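Peer 1: If you're matching positions, the sequence shown starts at 53 in the numbering used here and goes up one per residue.
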Amino acid sequence: MAFKIKTFLSIKSHKIFYTDFYFFLKKKLIILIKNIFPEYFNFNNKYKNWNLICLPDFLYFKVNNTHFLDNVQYINSLIKIFLPLKFQNLKTNQIFFKNLLIFELPKYNSHNYCYLNGLKKIFISKYFTSNGIFFHKYLKRKYDIYYAKILLTNSNFFNIVLDLKLKQIYLSIKNLKFNFILFLYYLGINNKDILKYSRYKKSKILKLLIFTALQTNLINNKKFILKNLNYLKSIFKVTNLNKNYKHFIINKNKLNYNYGNFNKNNFLTIDFIFILDLLLDLQSKKLCFKNIDHLDNKHINTIGNYFQHNFKFYLKKFISIIPNLIKLKKFSLLKVYNFKELLILNPLIQYLEQINSFSELTHKYKLNNYNSSLKGILNLREICLNQIGKLCLIDTTEGINCGLIVNFAKHIRIYKKGIIQIYVSPVFKNKTKEFINFKTSLDQELYLIQFNNINLRKNKLFNENIKVVYNKNNFRIKFISNKKSFLLKFADLFSFTENLIPFIKYNDPARCLMGAKMQSQSVPLLNKKKSFVVTGYEKEIITKSDITIKALQEGIVLNASSLKIHIKDLFNREIVYYLSKYKKSNQNTLIHQKPLVWNGERVFTNQLLTQHQDIIDSEFAIGNNLLIYYGNFCGYDFEDAVIGSKRVLYQQLFSSLHMDIYEFNFGYNNENDIEFSTLEIPKQSYYIKKSLDSLGIVKEGEKILTGNILLTKIKVTKPNYTYKSIFKLIYSIFGKTIRNIKDNSLYIQTGKNGRVSKIELFLINTNSHYKTYNNSYLKCRIFICKQRFLTVGDKLCGRYGNKGILSYIAENADLPFLQNSFYPDIIVGALGIPSRMNLGQLFEALVGKIGFSYNIRILPSFTSSSNAYFNYLKILIYNFLMFNNLKKGFNWLYNFNLPGKFLIRDGRTGIKLKSSVLCGVSRYSKLIHMIKDKLHFRTTGPYTEILQQPLKGKKNLGGQRFGEMEIWALEAFGASYNLKEILNYKSDDCFARNNLKDYLLFRNSELQNSTITESFRVILKEFNGLILNLELFLITDDLEENYLNLTINY
53 MAFKIKTFLS
63 IKSHKIFYTD
73 FYFFLKKKLI
83 ILIKNIFPEY
93 FNFNNKYKNW
103 NLICLPDFLY
113 FKVNNTHFLD
123 NVQYINSLIK
133 IFLPLKFQNL
143 KTNQIFFKNL
153 LIFELPKYNS
163 HNYCYLNGLK
173 KIFISKYFTS
183 NGIFFHKYLK
193 RKYDIYYAKI
203 LLTNSNFFNI
213 VLDLKLKQIY
223 LSIKNLKFNF
233 ILFLYYLGIN
243 NKDILKYSRY
253 KKSKILKLLI
263 FTALQTNLIN
273 NKKFILKNLN
283 YLKSIFKVTN
293 LNKNYKHFII
303 NKNKLNYNYG
313 NFNKNNFLTI
323 DFIFILDLLL
333 DLQSKKLCFK
343 NIDHLDNKHI
353 NTIGNYFQHN
363 FKFYLKKFIS
373 IIPNLIKLKK
383 FSLLKVYNFK
393 ELLILNPLIQ
403 YLEQINSFSE
413 LTHKYKLNNY
423 NSSLKGILNL
433 REICLNQIGK
443 LCLIDTTEGI
453 NCGLIVNFAK
463 HIRIYKKGII
473 QIYVSPVFKN
483 KTKEFINFKT
493 SLDQELYLIQ
503 FNNINLRKNK
513 LFNENIKVVY
523 NKNNFRIKFI
533 SNKKSFLLKF
543 ADLFSFTENL
553 IPFIKYNDPA
563 RCLMGAKMQS
573 QSVPLLNKKK
583 SFVVTGYEKE
593 IITKSDITIK
603 ALQEGIVLNA
613 SSLKIHIKDL
623 FNREIVYYLS
633 KYKKSNQNTL
643 IHQKPLVWNG
653 ERVFTNQLLT
663 QHQDIIDSEF
673 AIGNNLLIYY
683 GNFCGYDFED
693 AVIGSKRVLY
703 QQLFSSLHMD
713 IYEFNFGYNN
723 ENDIEFSTLE
733 IPKQSYYIKK
743 SLDSLGIVKE
753 GEKILTGNIL
763 LTKIKVTKPN
773 YTYKSIFKLI
783 YSIFGKTIRN
793 IKDNSLYIQT
803 GKNGRVSKIE
813 LFLINTNSHY
823 KTYNNSYLKC
833 RIFICKQRFL
843 TVGDKLCGRY
853 GNKGILSYIA
863 ENADLPFLQN
873 SFYPDIIVGA
883 LGIPSRMNLG
893 QLFEALVGKI
903 GFSYNIRILP
913 SFTSSSNAYF
923 NYLKILIYNF
933 LMFNNLKKGF
943 NWLYNFNLPG
953 KFLIRDGRTG
963 IKLKSSVLCG
973 VSRYSKLIHM
983 IKDKLHFRTT
993 GPYTEILQQP
1003 LKGKKNLGGQ
1013 RFGEMEIWAL
1023 EAFGASYNLK
1033 EILNYKSDDC
1043 FARNNLKDYL
1053 LFRNSELQNS
1063 TITESFRVIL
1073 KEFNGLILNL
1083 ELFLITDDLE
1093 ENYLNLTINY
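1) Under a Cβ-count criterion, where at least 16 other Cβ atoms within 10 Å of its own Cβ denotes burial, should Ser918 be classed as buried or exposed?
2) Please report the Cβ distance between Ile756 and Val808, rounded to the nearest whole angstrom; I am assuming they are in contact, meaning their Cβ atoms lie under 8 angstroms.
3) With DSSP collapsed to three states, give me the class of Cys1042.
4) Count the other CB atoms, across all protein chains shown, that sit within 10 Å of the CB of Gly850; report buried if there are 16 or more and exposed otherwise.
5) Can you tell me which of the three DSSP states Asp348 falls into?
6) Is the Cβ-Cβ distance between Lys173 and Leu413 less than 8 angstroms?
7) With Asp806 and Ile836 assumed to form a contact (beta carbons below 8 angstroms), what rounded beta-carbon distance in angstroms separates them?
8) Please classify Lys337 as buried or exposed, where buried requires at least 16 other C-beta atoms within 10 Å of its C-beta.
9) For the putative contact between Gly748 and Thr764, defined by C-beta atoms under 8 angstroms, what is the C-beta separation to the nearest angstrom?
10) Determine the direct distance from the alpha carbon of Asp866 to that of Tyr860, and round the result to whole angstroms.
11) What distance in whole Å lies between the Cβ atoms of Tyr249 and Ile325, which are believed to be in contact at a cut-off of 8 angstroms?
12) Between the stretch 701–714 and the stretch 564–579, can you find at least three pairs of beta-carbon atoms closer than 8 angstroms?
13) Counting contacts by CB-CB distance shorter than 8 angstroms, is Phe139 in contact with chain C?
14) Nearest to Pro561 by alpha carbon, out of Leu891, Ile627, Asn611?
15) Under the three-state reduction of DSSP, which class applies to Lys580: helix, strand or coil?
16) With a threshold of 6 angstroms on Cβ separation, who are the neighbours of Ile929 within its own chain once the five nearest residues in sequence on each side are excluded?
17) Taking the C-alpha atoms as reference points, what is the distance between Asp1041 and Cys444?
18) If you check the beta carbons only, do Ile212 and Ile225 fall under 8 angstroms apart?
19) In three-state terms, what does DSSP make of Arg193?
20) Could you tell me if Tyr948 is buried or exposed, where buried requires 16 or more neighbouring beta carbons within 10 angstroms of its beta carbon?
21) Going by other Cβ atoms of all chains shown within 10 Å of its Cβ, with 16 needed for buried, is Thr144 buried or exposed?
22) Below 8 angstroms on the Cβ atoms is my contact criterion, and I expect Tyr70 with Ser162 to pass it. Report the Cβ-Cβ distance as a whole number of Å.
23) In the DSSP assignment, what are the bridge partners of Tyr799?
24) Please report the residue range of the alpha helix (DSSP H) in which Gly892 lies.
25) From Leu104, Ile105, Glu91, Val115, pick the residue whose C-alpha is nearest to that of Leu77; which is it?
26) How many Å lie between Tyr634 and Glu606 at the Cα?
27) Report the start-end ranges of each alpha helix (DSSP H) in the stretch 394–427 that is 4 residues or longer and not cut off at the edges.
28) Just checking, does the stretch 105–112 make contact with the stretch 132–146 on the three C-beta pairs under 8 angstroms criterion?
29) Here's the rule: buried if 16 or more other CB atoms are within 10 angstroms of the residue's CB, otherwise exposed. What is Ser737?
30) Glu715: beta carbon under 7 angstroms from a heavy atom of the ligand SAH?
31) Thinking C-alpha only, which one of Phe685, His981, Val521, Ile834 is nearest Ala882?
32) Using only alpha-carbon positions, find the residue among Leu153, Val124, Phe148, Tyr126 that is nearest to Lys132.
33) Report the residue from Ile733, Ser828, Leu660, Gly696 whose alpha carbon sits nearest the alpha carbon of Ser797.
34) How far does the beta strand (DSSP E) with Tyr682 in it extend, from its first residue to its last?
35) Express the C-alpha separation of Asp958 and Gln966 in angstroms, rounding to a whole number.
36) Under 7 angstroms Cβ to Cβ from Lys368, same chain only, skipping five residues before and after it: list those, please.
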């Protein structure tokens, strides 16, 4: 199928999951119930006169919204599936119908996510190896062995191995191995049938295989086959086995044929002969191999397939107990299974990444490439050449799942049976046509696929152009002047993340991966700007994003406000679009939409109506342009750290908004035992309670700091009447009874400062049938918005994997400055660039400097077919900088002796530095790994039970790990006392740390030496368990009768 490029916008591949989900509910589920549920249910109890009939054809659905208390920001929609049941009394012929609630699952929308507990969840696609026949070759005793691997749906497989050195072909199933020709004999095929159906009937090789089979002991082989007949039946699921080979049948749809002209209904023994011919074709090199890792041998498992597999399991489990569960007289709705729990536990269904709109898009395009049924294959992580254009060659996860979690390429289409197609443009006589064609991996291997129009060299004799092309699963050099070929664009080899890196060709692939990942981890900023250097794909990402609101119909804007947009379409209908205002994402960032249209504007279909926190003028923009200085600071290099200026802090270039939601209930046990909020809480001063209202709840708009109270929560209980006389005495004196008051108020933790933006109160009806909130009468939610400024410890990154921690914020006067008195925004160390081979950041700095001085934006092009292609960047940068001298009048912008570099002066002394440095303008953004979320301190705290060392982790109030390399650092400095204090007093030396605590707090004891640590005592106990004893003795001098000093502290 061909499409015009002009009308071709984008292929939303995740739409297939939405359609497949509802196709399963409407079609596949009915077939599944018909296959599993019997037509009639037989009762063996007192209701045996009743007949129960299932009616799956009348299956119906009902969409319900969950209770409002469960929805934090979004409404959870549940689909309830009802199966009608028909009850018939065989005696009185009485008939009535009841509906059985069999399943309840969340509604899956067209944007490829569902809502669970008010948060978005997404289904990660998974690759599965299709069932069929795969051919392999391996070397044994310097001779090629060919074999066919037949994979069945029940996860069983068997091999047919052709070994011409031994002059035989045999069938191997796990540890069983017997002659394949004799196996055909047993199935009822004689030599005449083999020679009749085989294409190699005149070949000497086939006759040689038959001859070697006849020379073997037929009686022993027949006994061997009969002995393992039951095992063969379990594998092949044979219904009948006799001399007539047509009855050797495998159940329908057991194999998905990808190779050869097989019978698609039944697996006959004639197909074994065809496999034999294919093995001989491979041996004679008439066919090329189709490996099991080939993409056309795999299919994508969608959410419809996932539900189908689980529905089958629970329906089979439920069918045995349904007669006992259903009571005919008092029939109540019975739910088989709640799939909400299954969706929470499944690792393939994850909470959607919503750091920014770009991270949400990349999460939807993830793919799980791991197949548990093929554990023996070790090259799953490798890049196969047939993945070009379908899976991104770079974008994967770091760590243990590297190569197993991959991403789709930018423009793909998921075709029938989950097979991926790519689009290519036909090229004829060095001209690209305006039509595009969709090709699978097998179609792709039949044509010449080129990636650009650059010629390697020109043949003068034949006037044919030589180009590098992809053909037959490999790269080749071909003459393609008059041959039909297809163009696959360079940008279509990668996903969206890599296409946002301008100079990706000058980067190491590992650093490209880091740069792509960090762009999806960047936080939306309050003051963001468009980049001076762009790639052209910033607008395309917005068309793919689902956060933005796009026009459904062409029309006129009646009213555009910050809350909603009214549009009247061509059919005089009013369409209202509601905007998301200050909503919390899954990663606590803020989602806030603003209108892009005005009253009276004419909008067209699919036009962008809103922009949000990381969009400027329909373009993805998430960082700021900064003046970068590559060099040292005060003569010191600082590795990967970043030094910033106060100007970046004062102008709030990296300030961001975040939101936290606190939710809690007020419970009760009886009328006298109840929780409530009040301003009169014990043991608290007025200063702490100044932000609370009269009910004891924090006011909206209040600024809260660490230790402030969000909400007071008091529980009053009656005391134990052990001392009744004392209670009576107090009551007679003061006139009040003693009560037990428990304070459960909510206090703000460290790093959670912010401003209260909204408070929600819900009154729970205690008389309702809603059973989730037992013993609760009131629910409260408090929304706190936090503004995070740039602080020391935050992480900044560029687009090329260049990341660093902000280690120091210097005064503007102390920074080095250029000849026009410009001082850099951040200083980056230059020593990390050559070793990491991410030279793209240097090109961006120079091109960004050009864009800044000319006040233009530059889109570098790498698709030129002229001779200037290889010198394109050099010509661009040098010409711009040289003409900049004439236009701006600054001779220092282009130095003929040091092109691209600048002479700078020290900010403290004003002295010109000896060497020149590189300064440029580049885009930097702030990552979500911020120091306020990670900051943790401890004086004393919990210890482990056996080793008595501090626990680890911020959650457990743990300590800081002092590892082996940190010990080396203190040893190198000679800081022996600091090292002793860390390893003894602050660790697992129980006696020393208790002695230090008494010495510092009470001064009632002297500071003593450290003793043996608890971990060393554990080692001594381990030695004792091995019947070894370790003791320490004092050595005396017999002449002077004095003790010798020991260097060991014990």
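Cβ coordinates follow ideal geometry from the N, Cα and C atoms, glycine included. Remember, it's a predicted structure, so these values are computed and weren't measured experimentally.
Peer 2: Taking the definition as stated:
1) Reliability of the predicted coordinates at Ser918 is poor, the pLDDT of 47 falling under 50, and no value is obtained from them.
2) Under the criterion of beta carbons closer than 8 angstroms, Ile756 and Val808 qualify as touching, at roughly 7 angstroms.
3) Three-state DSSP puts Cys1042 in a helix.
4) The residue is buried, with at least 16 neighbouring Cβ atoms inside 10 Å.
5) In the displayed model, Asp348 falls within a helix according to three-state DSSP.
6) Between Lys173 and Leu413, the C-beta gap is not smaller than 8 angstroms, which leaves the two residues out of contact.
7) Just to set this straight, residue 806 is Gly in the shown sequence, not Asp. Contact holds; Cβ gap of about 4 angstroms.
8) If you draw a 10 Å sphere on the C-beta of Lys337, you find fewer than 16 other C-beta atoms in it, and that means exposed.
9) Between Thr764 and Gly748 the Cβ distance is about 4 angstroms, and since that is below 8 angstroms, they are a contact.
10) Each residue's Cα considered, the two are about 12 angstroms apart.
11) Yes, Ile325 and Tyr249 are in contact; Cβ-Cβ is about 5 angstroms, under 8 angstroms.
12) The stretch 564–579 vs the stretch 701–714: in contact.
13) Absent from the structure: chain C. Only one protein chain is present.
14) Closest option to Pro561, Cα to Cα, is Leu891.
15) It is coil, neither helix nor strand.
16) Taking Ile929 as the centre and dropping the five residues before and after it, the same chain places the C-beta of Leu898 closer than 6 angstroms to its C-beta, in chain order.
17) Between Asp1041 and Cys444, the alpha-carbon positions lie close to 53 angstroms from each other.
18) No, these two residues do not count as a Cβ contact at 8 angstroms.
19) For Arg193, the three-state secondary structure derived from DSSP is coil.
20) The question names Tyr, but residue 948 in the sequence shown is Phe. With a threshold of 16 other beta carbon atoms within 10 Å, Phe948 falls short and is exposed.
21) By the neighbour-count rule (16 or more Cβ atoms within 10 Å), Thr144 is not buried but exposed.
22) Between Ser162 and Tyr70 the Cβ distance is about 5 angstroms, and since that is below 8 angstroms, they are a contact.
23) When DSSP reads this structure, Tyr799 sits in a beta bridge with Ile761.
24) 892–906 is the extent of the alpha helix (DSSP H) around Gly892.
25) Among Leu104, Ile105, Glu91, Val115, the Cα nearest to that of Leu77 belongs to Val115.
26) For Tyr634 and Glu606, the distance between alpha carbons rounds to 28 angstroms.
27) Within the stretch 394–427, the complete alpha helix (DSSP H) runs of at least 4 residues are 409–416.
28) Touching, yes, given that three or more Cβ pairs across the two stretches are closer than 8 angstroms.
29) Around the beta carbon of Ser737, a 10 Å sphere encloses fewer than 16 other beta carbons of the protein chains shown; the residue is thus reported as exposed.
30) Annotation note on the ligand SAH: not contained in the displayed structure, which lists no ligands.
31) It is Phe685.
32) Closest option to Lys132, Cα to Cα, is Leu153.
33) Ile733 is the residue among Ile733, Ser828, Leu660, Gly696 whose C-alpha sits nearest the C-alpha of Ser797.
34) 676–682 is the extent of the beta strand (DSSP E) around Tyr682.
35) The sequence shown places Lys at residue 966, rather than the Gln named in the question. Taking the straight line from one Cα to the other gives about 10 angstroms.
36) Annotation for Lys368: Ile88 place their beta carbon closer than 7 angstroms to its own, counting only its chain and skipping 5 residues before and after.
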